[in-house]
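Residue numbers are given in the UniProt record's numbering: position 414 of the sequence shown equals residue 414, and the series is strictly consecutive. Idealized CB from N, CA, C, for every residue including glycine. Only one structure is covered here, and it is reproduced in the block below.
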Amino acid sequence: MYAKCGSFKRAKGLLRELPCPSVVSWSALIAGYVEHNQGEHALECYYEMQYEGFLPNAVTYLSILKACASIGALEVGKVIHDEIDFQGLLKDDDILGAAIVDMYAKCGALEAARQVLNDLPVQSVVSWNALMTGYCQKGLAEQVLTCFEWIEEKGIPPTQVTYLCVLKAYGIIGAADNAEHIHCEIARQGFLESDDGFIANALVDMYAKCGSLARAQQLLEVLPDLDVSSWNSLIAGYVHEGFAEQALHCFQQMSYEGQIPDEITYLLLLKACGSICALEKGELLHKEIFEQGLVLNNTFLGTALVDMYAKCGAFRKAEMILEELPAKNEGSWTALISGYAEQNQAEHALHCFERMKSRGFSADEITFLSVLKACGSIGALDQGEKIHMEIARQGILWTDVILGSALLNMYAKCGALAKAERVFEELPARNIVSWCALITGYAHHSQDEQALKCFERMQDDGLSADAVTFLCILKACTNLGAAERGEQLHDEIAKQGLLGKDAVLGNALVDMYAKSGDFAKAQQVLDELSDQNFVCWNTLIAGYAQHGQAEQALKCFEQMQQKGISPDAVTLLSILKACSSVGLVDAAYLFFVTMKKRYGVQPDLKHYTSIVDAFGRAGKLSKAIQLIQETNNKDLSVPLWCAVLSACEKWGDLNAGKWAFQHAIQADKGDPAAYILMANMYAAVGLQEHAESIDAPRIENTTSLGTGLLA
């Protein structure tokens, strides 16, 4: 009685006072320790009992095996197993056999657990449940389901524990097709009627993890005896699938039903808020958490708050929460660093990393991933090399492919391709991420041949490219004009079924075909896309414009609008260029003056440059100059003035050319394009000395310019 109540001092005292203590009384004390999760004391008591001359019996062994399982004392458990085996107790006691299986399974020795089960004269459902539970704890879903098949083949009736393991296994592997079948089987056997809530909760959890969120929601609404864990499972499912709004709505419904959220609920909801930058809702959750005093005792919640505020861009609050946390850890610092990195505030991320180290915290793999991303985004090569050294000192680089790929990516983005190659060659294993990082580095730095060679090596290694890799290689093919290789890539993309899922990939194919002049295939790709957005249409229209096919560009423009897709600034710029390239000046001007009214697009400097170029090409210099003088924009760009200069050179208008030149160097004195054009113009009219005098350092007094032409 005293042992069961946890009064062990009193219980042990009484044991000492007994005139004739027995193995039964010792076993009762040991069982009490086990029941109160004091496995170490149970083992001490077991040794003391034997020292006193008492031999354990089957009941004693049951308790000691439970103690070993609870504290992971595998070596002691093996000795107990040998004692039981030596005494021949397993022949007549299937419960003891199940306890040995359970001990091995909970200690992680699953092969030993399986072997014991195979050798048992009677394989009860309890022993199978013990093994299945062990597999579940290790996430070995396939083995759980194999065990379940054996149970069914042997005709052993499953219990609640059996089904709990099976439901968890289906959730792990996302077996949505099997979910309904096992649900029906559980209902048929009456487990839902006699359930204490565990099966119902597990069903909701399984459906949520399988992505069958509507089914999980339906169960939650109809099944009785569901607790906060079921709501958490559904909310977790919504968050995992990227449905943050639904997760927050589920929380409202949960509150309406009278369910009180726990720490896990708040962790999930804060993650949901961070994923959609729902700052106001996040602040309300913060208030609830604060009022309940949960942050004071829960570092995970504090870290989640830092993470939420950082992802919402509220860095002042994130910093404040971090400083106020009673117990900071690497995770809370990493949440802030990651937030800065994700919000493209790399300098702050690196500064925060230095502060973290100065406070005595060591970075882990996740911290390094964020810091390497920050270095890559701003080209901070020196800082990246220092971080490389830190990672190497910790000895984690060559055991973590993800970290190795991040380091490779950092070097590639910083343009240190030789170092990126060295890291790549030293990786213990290469996956699609590491290959893609190197290929992207080559493509980004215009080493297109190297990108293609690297891609071929990746394929030789037996790896299939993903959408990101295909994008880089298509860009390389486009730059190289490698249309035949591009067509092969198109076939590979189609075989993998990526084209219908990725509009960006479709756009890259349209761009490649359009730039190579194969408009039939470009149009075919566009027609086959399920998501025909304005970007893809812009790409095709731009392709026609670049190849001087204005009529086709205009037809494409009409088709785009017929499909209900509104043109944007890029579309209209391509149309202006198309008209300009074939001398359709009036059409270009009509598009230009009606952009705002007809399409809701305000002309910018690129549009002005294009229409000025159109007038200039057609010899309508006065019209181009008039348009420039009528604009209220004083910050006209060098390309616009160069368009005027090109026209002046073409038509031999030196006076207008001088005027345009001085405005060009006022806009940007360091841009060489205007100097070259002006020098060419002087040379064309025989003023060689003036041409030779056009040198950027000698240009002075260019700030006091009027709006009229120079004399």
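Between PHE343 and the rest of its own chain, which residues show a CB-CB distance below 7 Å, the 5 nearest in sequence each way excluded?
For the purposes of this step, residue 343 is taken as residue 343 along the sequence shown, with counting starting at 1. Looking at the sequence shown, residue 343 is not Phe but Gln. These residues qualify, in order along the chain: GLY313.
Sequence-distant residues of the same chain with beta carbon closer than 6 Å to LEU480, five excluded per side
Within the sequence shown, the letter at position 480 stands for residue 480. Result list for LEU480: ASP448, in chain order.
Measuring straight from C-alpha to C-alpha, what distance separates GLN50 and ASN129?
Here residue 50 refers to the residue found at position 50 when the sequence shown is read from its first residue. Here residue 129 refers to the residue found at position 129 when the sequence shown is read from its first residue. Cα to Cα, GLN50 sits roughly 31 Å from ASN129.
Pairs of beta-carbons, one from the region 283-290 and one from the region 349-359, closer than 8 Å: are there three or more?
No, they do not touch.
Would you mind sorting ASP491 into buried or exposed? The rule is 16 or more other CB atoms within 10 Å of its CB.
The sequence position of residue 491 within the sequence shown is 491, counting from 1. When all chains shown are included, ASP491 counts as exposed.
For GLN292 and TYR266, what's the separation of their Cα atoms in angstroms?
Taking the first residue of the sequence shown as 1, we reach residue 292 at position 292. Taking the first residue of the sequence shown as 1, we reach residue 266 at position 266. Taking the straight line from one Cα to the other gives about 12 Å.
Nearest by alpha-carbon distance to GLY211: which of ASP177, ASN201, PHE191, LEU438 is it?
Locating residue 211 in the sequence shown gives position 211, where the first residue counts as 1. Closest by alpha carbon: ASP177.
Which parts of the UniProt repeat "PPR" (227-261) are runs of the alpha helix (DSSP H), unbroken and 4 residues or longer, counting only runs that do not cross its ends?
The UniProt repeat "PPR" (227-261) contains these whole alpha helix (DSSP H) runs: 228-240, 244-256.
So, do the region 561-571 and the region 579-591 have three or more beta carbon pairs nearer to each other than 8 Å?
no
Identify which residue in ALA465, VAL504, ASP94 has its Cα closest to the Cα of LEU489.
In the sequence shown, the residue the question calls residue 489 occupies position 489. Here the closest residue by C-alpha is ALA465.
Could you check the C-alpha separation between PHE519 and ASP671 for me, to the nearest Å?
Residue 519 sits at position 519 when you count from the first residue of the sequence shown. Residue 671 sits at position 671 when you count from the first residue of the sequence shown. Roughly 35 Å between the two C-alpha positions.
Decide if the region 433-441 is in contact with the region 400-409; the criterion is three or more beta carbon pairs, one per stretch, under 8 Å apart.
yes
Using the Cβ count rule (16 or more neighbours within 10 Å means buried), how would you classify HIS181?
What you label residue 181 is simply residue 181 of the sequence shown in a count that begins at 1. Exposed: under 16 other Cβ atoms inside 10 Å.
Chain-order list of residues whose beta-carbon lies under 8 Å from that of GLN160 (same chain, five-residue window excluded)
The residue you call residue 160 lines up with position 160 of the sequence shown. Here the set comprises PHE191, ASP195, PHE198, ILE199.
In the DSSP assignment, the alpha helix (DSSP H) including GLY107 goes from what residue to what residue?
Position 107 of the sequence shown, counting from 1, holds the residue named residue 107. In the sequence as displayed, the identity of residue 107 is Cys instead of Gly. No alpha helix (DSSP H) holds CYS107; DSSP gives it neither H nor E.
May I have the straight-line CA-CA distance separating TRP115 from HIS36, to the nearest angstrom?
As a first step, residue 115 is located in the sequence shown; it is residue number 115 there, counting from the start. As a first step, residue 36 is located in the sequence shown; it is residue number 36 there, counting from the start. The question names Trp, but residue 115 is Gln in the sequence shown. Going from the Cα of GLN115 to the Cα of HIS36 covers about 30 Å.
For a test of the three-state rule: what should DSSP assign to GLY670, helix, strand or coil?
Within the sequence shown, the letter at position 670 stands for residue 670. Coil, per DSSP.
Just to confirm, are SER516 and GLY548 a CB contact at a threshold of 7 Å?
In the sequence shown, the residue the question calls residue 516 occupies position 516. In the sequence shown, the residue the question calls residue 548 occupies position 548. Taking 7 Å as the Cβ cut-off, SER516 and GLY548 do not qualify as a contacting pair.
Can you find the residues in the same chain that come closer than 8 Å, C-beta to C-beta, to CYS414, ignoring five residues on each side of it along the sequence?
Here residue 414 is taken as the residue at index 414 of the sequence shown, counted from 1. Cβ neighbours of CYS414 beyond the five flanking positions: CYS375, GLY376, GLY379, ALA380, LEU381, GLY384.
Which value, in whole angstroms, describes the spacing of the CA atoms of LYS373 and MET410?
Locating residue 373 in the sequence shown gives position 373, where the first residue counts as 1. Locating residue 410 in the sequence shown gives position 410, where the first residue counts as 1. The C-alpha of MET410 is placed about 6 Å away from the C-alpha of LYS373.
Roughly how many angstroms separate the alpha carbons of TRP231 and ALA141, rounded to a whole number?
Residue mapping note: residue 231 aligns to position 231 of the sequence shown, counting from 1. Residue mapping note: residue 141 aligns to position 141 of the sequence shown, counting from 1. Answer to the nearest angstrom: the Cα atoms are 23 Å apart.
Evaluate ILE80 with the Cβ neighbour count: other Cβ atoms within 10 Å of its Cβ, from every protein chain shown; 16 or more gives buried, anything less gives exposed.
As a first step, residue 80 is located in the sequence shown; it is residue number 80 there, counting from the start. So ILE80 counts as buried.
Less than 7 Å between the C-beta atoms of LEU167 and MET206, yes or no?
As a working note, residue 167 is residue 167 in the sequence shown. As a working note, residue 206 is residue 206 in the sequence shown. LEU167 is a Cβ neighbour of MET206, given a cutoff of 7 Å.
What residues in its chain sit with their C-beta under 6 Å from that of SER338, if we drop five residues either side in the sequence?
Walking along the sequence shown from the start, residue 338 turns up at place 338. So the list reads SER370, once near-sequence residues are dropped.
Let me check understanding here. Comparing Cα to Cα, which of GLU153, ASP119, LYS106 lies closest to CYS136?
If you number the sequence shown from 1, residue 136 lands on position 136. Per the Cα distances, LYS106.
Less than 8 Å between the CB atoms is what I'm expecting for ASP461 and ARG430, so what's the real figure, rounded?
Along the sequence shown, read from residue 1 onward, the residue named residue 461 stands at position 461. Along the sequence shown, read from residue 1 onward, the residue named residue 430 stands at position 430. About 7 Å; that satisfies the 8 Å criterion.
Please identify the residue among LYS453, ALA514, LYS281 whose C-alpha is closest to the C-alpha of ILE478.
For the purposes of this step, residue 478 is taken as the residue at position 478 of the sequence shown. Before going further, note that residue 478 is Thr rather than Ile in the sequence given. For the residues LYS453, ALA514, LYS281, the minimum Cα distance to THR478 belongs to ALA514.
So which of ALA482, ALA522, CYS536, ARG485 has the shortest CA-CA distance to ASP502?
Walking along the sequence shown from the start, residue 502 turns up at place 502. Checking every option, the nearest Cα to that of ASP502 belongs to CYS536.
Euclidean distance between Cα positions of ALA73 and PRO56
To locate residue 73, count along the sequence shown from 1; it is residue 73. To locate residue 56, count along the sequence shown from 1; it is residue 56. Looking at the two C-alpha atoms, the distance is approximately 18 Å.
Using the Cβ count rule (16 or more neighbours within 10 Å means buried), how would you classify ALA418?
Counting from 1 along the sequence shown, the entry for residue 418 is found at position 418. Exposed, since its Cβ has fewer than 16 Cβ neighbours within 10 Å.
Host alpha helix (DSSP H) of LEU505 (start-end):
Stepping through the sequence shown from its first residue, residue 505 is reached at position 505. LEU505 -> alpha helix (DSSP H) spans 503-515.
Among residues of its own chain, excluding the 5 on either side of LYS66, which ones have a beta-carbon nearer than 6 Å to its beta-carbon?
Counting from 1 along the sequence shown, the entry for residue 66 is found at position 66. Contacts found: VAL34.
Where does SER646 land, buried or exposed, given buried means 16+ other C-beta within 10 angstroms?
Residue 646 sits at position 646 when you count from the first residue of the sequence shown. Label assigned to SER646: buried.
Give the secondary structure of SER637 by DSSP, where H, G and I count as helix, E and B as strand, and everything else as coil.
Position 637 of the sequence shown holds residue 637. In the three-state scheme derived from DSSP, where H, G and I count as helix and E and B as strand, SER637 is classed as coil.
So, helix, strand or coil for ASP400, using DSSP?
Within the sequence shown, numbered from 1, the residue matching residue 400 stands at position 400. The answer is coil: DSSP assigns ASP400 none of H, G, I, E or B.
Counted within 10 angstroms of its Cβ, other Cβ atoms place THR707 as buried (16 or more) or exposed
In the sequence shown, counting from the first residue as 1, residue 707 sits at position 707. Unreliable positioning characterises THR707 in this predicted model, as indicated by a pLDDT of 39, which lies under 50. A coordinate reading is not provided.
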